[in-house]
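A.B. asks:
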Amino acid sequence: MYFDIHHAAATQTVTATNSAADDLQAALLELSQAFAAAGHALPQSPVVTNGLAAVFMGAVEPGSNTVISRVNMATSSTNAALSSYAQGDQQMSANVCPVPGNIDMPGVN
1 MYFDIHHAAA TQTVTATNSA ADDLQAALLE LSQAFAAAGH ALPQSPVVTN GLAAVFMGAV
61 EPGSNTVISR VNMATSSTNA ALSSYAQGDQ QMSANVCPVP GNIDMPGVN
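If you read the sequence shown in UniProt numbering, its first letter stands for residue 1, the second for the next number, and so on.
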């Protein structure tokens, strides 16, 4: 089996994905505040306020948290795999026999 993993590029991809997950968390907070503001803007409409809360807590928040959790799990697993791959490369390069520097063969200078 042959793997050609470019460690620096893969690490940059994982970092960018983590950044996007952080952006999702910030967007979820903003969305939560928007739902709360909409509910506070309609104090005489408990049905609408309860409906907004139900939509956010029953669908938006759990779905968003699931996505964020899956992204975090995928990126942490990928980081672990990249680390193991890099350690394997370092171990293999450390175990390579050195090239002979002084050849001792009769008739060869």
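All residues carry an ideal CB built from backbone N, CA and C; glycine is no exception.
Select from Ser45, Leu42 and Phe35 the residue whose C-alpha is nearest the C-alpha of Gly58.
C.D. replies: For the residues Ser45, Leu42 and Phe35, the minimum Cα distance to Gly58 belongs to Phe35.
A.B. asks: Taking just the CA atoms, how far does Met92 sit from Leu29?
C.D. replies: Leu29 and Met92: Cα-Cα distance of roughly 46 Å.
A.B. asks: So what's Ile68 in DSSP terms, helix, strand or just coil?
C.D. replies: Reduced to three states, the DSSP call for Ile68 is helix.
A.B. asks: What does the alpha-carbon distance come out to for the pair Leu42 and Ser64?
C.D. replies: Spanning the two alpha carbons is a distance of roughly 25 Å.
A.B. asks: Closest by CA to Asp23, which one among Gln33, Val55, Gly101 and Ile68?
C.D. replies: For the residues Gln33, Val55, Gly101 and Ile68, the minimum Cα distance to Asp23 belongs to Ile68.
A.B. asks: Measuring CA to CA, which of Gln33, Ser32 and Arg70 is closest to Ala21?
C.D. replies: Ranking the options by Cα distance to Ala21, first place goes to Arg70.
A.B. asks: Which residue marks the beginning of the alpha helix (DSSP H) containing Gln25, and which one marks its end?
C.D. replies: From DSSP, the alpha helix (DSSP H) with Gln25 extends over His7 to Ala41.
A.B. asks: Look up Pro46 in the DSSP assignment and say whether it is helix, strand or coil.
C.D. replies: Helix, per DSSP.
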